[in-house]
Amino acid sequence: MARKRRAPPIVLAWIQYLAVRVTAAMLEAMPLFLARGAARALAWLIATIDAKHRRIAVQNVAAAYPGRSEAAYEAFVRRVYAHLADMLVEILVARRRVRRSTVGRYLKARGLEHFDRALQSGRGAILVIGHQGNWEFIGYAVILMGYPMHAIARPLDNPLLDRYLNRFRTGTGQEIASKYNVLRQIGEMLGRNRIVIFLADQDARRHGLFVPFFGRAASTFKAPAVMALRHGVPLLTADLYRTGFLRHVGEVHRIEVPPGCSGDEAVHRLVAAYTRTLEGFIRRHPEQYLWLHRRWKTRPPEEAAREAHPAAGSSR
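Using the working numbering, you'd call the opening residue of the sequence shown number 332 and step up by one each time.
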């Protein structure tokens, strides 16, 4: 069972919520070019003030792309913050601009035959994605294209902001379920012929399987693989990226069950396969990935033991 994070004190939660609502209202009131500029300036300021997350991002990028200068990593992370600023503005304007009749202007979707075949079977599918491109906008747009989605998401630590974000997510009919204690509900979602979305690119702590991610073992969520095998449904993934402001591409791919294996071995190989596939997507557009998360925080037991007792292996 995943451990819930502690919510901020109620006064701080309201301050955070009001700050976000006021900022969003100001950006929505501006002409688009001005809103983008203001959001990027705000992102630059946050990157400057929030040294903790900027440092995490720099460390992650350095681990994924070693051998470059500190200045190069800092500049790259600034581009990541600019991407997040564009992401915010796109989410705010989507409700006004993106309709069922116009969604094709903003999202070029490829590989939809995988969705179509899964839905024709009547059993749904599991879709694994990463925090790549504008994953929130693309989820919004795919619903407008007529595909029933049920997303598994970790609630934000601030419940006020969580409800605010979920109003956007559910505005076109997408359903949201908290990742906590959700596994028993997934069979029901698939029984309703839904495409169940997992964001499976963050640290899974001690509950995950360790598979390579950018050349380093990373604790990775296994639930998508377990559920796909248990219910006999397709396991899909998608490459999500921006080609211009409010111009996105989503490419759906299928992860095949390895032949000749079952049980724990099949789960491990599927987890490794979708993690390897997501890494390939990220490498194509690395500045559009959320590097601010401590992806390699949890270490394999043997590595953690060596770090806890560094002299043990050299005492002989």
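Ideal Cβ positions, reconstructed from N, Cα and C, are used throughout, including at glycine.
Nearest-angstrom Cα separation, counted from Leu458 out to Leu567
Roughly 5 Å between the two C-alpha positions.
For Leu730, which of helix, strand or coil comes out of DSSP?
Only positions 332 to 647 of the chain appear in this structure, which leaves residue 730 out of reach.
Cβ-Cβ separation, Ala355 to Met361 (assumed contact under 8 Å), whole Å
At roughly 11 Å, the Cβ-Cβ gap does not stay under 8 Å, so Met361 and Ala355 are not in contact.
How would you label Phe552, buried or exposed, when you count the other beta carbons within 10 angstroms and need 16 or more for buried?
That one is buried.
Looking at C-beta atoms only, is the number of pairs between the stretch 390-401 and the stretch 457-476 that lie closer than 8 Å three or more?
Judged by Cβ distances under 8 Å, the stretch 390-401 makes no contact with the stretch 457-476, as fewer than three pairs qualify.
Less than 9 Å between the C-beta atoms of Ala556 and Tyr620, yes or no?
The answer is no: Cβ separation not under 9 Å.
Ser443 versus Arg431 - alpha carbon distance:
For the sequence presented, residue 443 should be read as Leu rather than Ser. Cα atoms of Leu443 and Arg431: separation of roughly 16 Å, rounded to the nearest angstrom.
On the three-state DSSP scale, how would you describe Val389?
Three-state DSSP puts Val389 in a helix.
Exposed or buried, Asn489, counting other C-beta atoms within 10 Å across all chains shown (16 or more means buried)?
By the neighbour-count rule (16 or more Cβ atoms within 10 Å), Asn489 is buried.
Could you have a look at Leu443 and say whether DSSP puts it in helix, strand or coil?
In the three-state scheme derived from DSSP, where H, G and I count as helix and E and B as strand, Leu443 is classed as coil.
With a cut-off of 8 Å on the beta carbons, I'd call Leu475 and Val434 a contact; round off their distance for me.
Confirmed, about 4 Å.
Proximity winner among Val420, Gly477, Tyr412 and Arg485, relative to Asn512 (alpha-carbon distances)
When only C-alpha atoms are compared, the closest one is Arg485.
Span separating the alpha-carbon of His562 from that of Leu514:
For His562 and Leu514, the gap between their C-alpha atoms comes out near 12 Å.
Buried or exposed for Val353, going by 16 or more other Cβ atoms inside 10 Å?
Around the beta-carbon of Val353, fewer than 16 other beta-carbon atoms lie within 10 Å, marking it exposed.
Leaving aside the five residues before and after Ala559 along the sequence, list all residues of the same chain whose C-beta is less than 6 Å from its C-beta, in chain order.
Within the same chain, Ala559 has close Cβ partners Ile457 and Leu566.
Is the distance from the Cβ of Ala531 to the Cβ of Tyr471 below 9 Å?
Between Ala531 and Tyr471, the C-beta gap is not smaller than 9 Å, which leaves the two residues out of contact.
Should the stretch 576-590 be called in touch with the stretch 375-383, which here means at least 3 C-beta pairs below 8 Å?
Result no; under three Cβ-Cβ pairs closer than 8 Å.
So Lys628 and Asp534 are in contact, right, with Cβ under 8 Å, and what is the actual spacing, rounded?
At roughly 5 Å, the Cβ-Cβ gap stays under 8 Å, so Lys628 and Asp534 are in contact.
Would DSSP call Pro555 helix, strand or coil?
Under the three-state reduction of DSSP, Pro555 is assigned to helix.
Neighbourhood of Asn524 by C-beta, 8 Å cutoff - its chain only, sequence neighbours within 5 removed:
Leu450, Gly453, Arg454, Gly455 and Pro479, listed in sequence order.
Taking just the CA atoms, how far does Leu492 sit from Gln347?
Cα to Cα, Gln347 sits roughly 8 Å from Leu492.
Starting from the Cα of Arg578, find the closest Cα among Val602, Tyr437, Leu358 and Phe529 and give me that residue.
It is Tyr437.
Go ahead and label Ala342 buried or exposed: buried means 16 or more other beta carbons lie within 10 angstroms of its beta carbon, across all protein chains shown.
First, the residue type needs correcting, since residue 342 is Val and not Ala in the sequence shown. Exposed: under 16 other Cβ atoms inside 10 Å.
Simplified DSSP state of Val602, which is helix, strand or coil
In the three-state reduction of the DSSP assignment, Val602 falls in the helix class, which pools H, G and I.
With C-beta atoms as the reference, is Arg573 less than 9 Å away from His616?
Remark: C-beta atoms of Arg573 and His616 approach each other more closely than 9 Å.
Closest by CA to Tyr412, which one among His538, Gly502, Val389 and Ile517?
The candidate whose alpha carbon is nearest that of Tyr412 is Val389.
Out of Ala344, Leu540 and Ile422, which has the shortest C-alpha to C-alpha gap to Gly502?
Distance from the Cα of Gly502 is smallest, within the candidate group Ala344, Leu540 and Ile422, for Ile422.
Val583: which of Arg448, Phe499 and Tyr404 sits nearest, CA to CA?
For the residues Arg448, Phe499 and Tyr404, the minimum Cα distance to Val583 belongs to Arg448.
Starting from Ala545, trace the beta strand (DSSP E) in both directions and tell me its first and last residue.
First, the amino acid is wrong: residue 545 is Phe here, not Ala. Note, Phe545: premise wrong, no beta strand (DSSP E); not H, not E.
Beta carbon of Val542 nearer than 9 Å to that of Ala440
No.
Could you tell me if Phe612 is buried or exposed, where buried requires 16 or more neighbouring beta carbons within 10 angstroms of its beta carbon?
The residue in question, Phe612, is buried, as its Cβ has 16 or more Cβ neighbours within 10 Å.
Determine the extent of the beta strand (DSSP E) in which Val527 is found, giving its start and end residues.
Taken as a continuous stretch (DSSP letters only), the beta strand (DSSP E) holding Val527 covers Ile526 to Leu530.
Would you list the residues sitting across from Met480 in a DSSP beta bridge?
In the DSSP output, where bridge partners are listed per residue, Met480 has Ile526.
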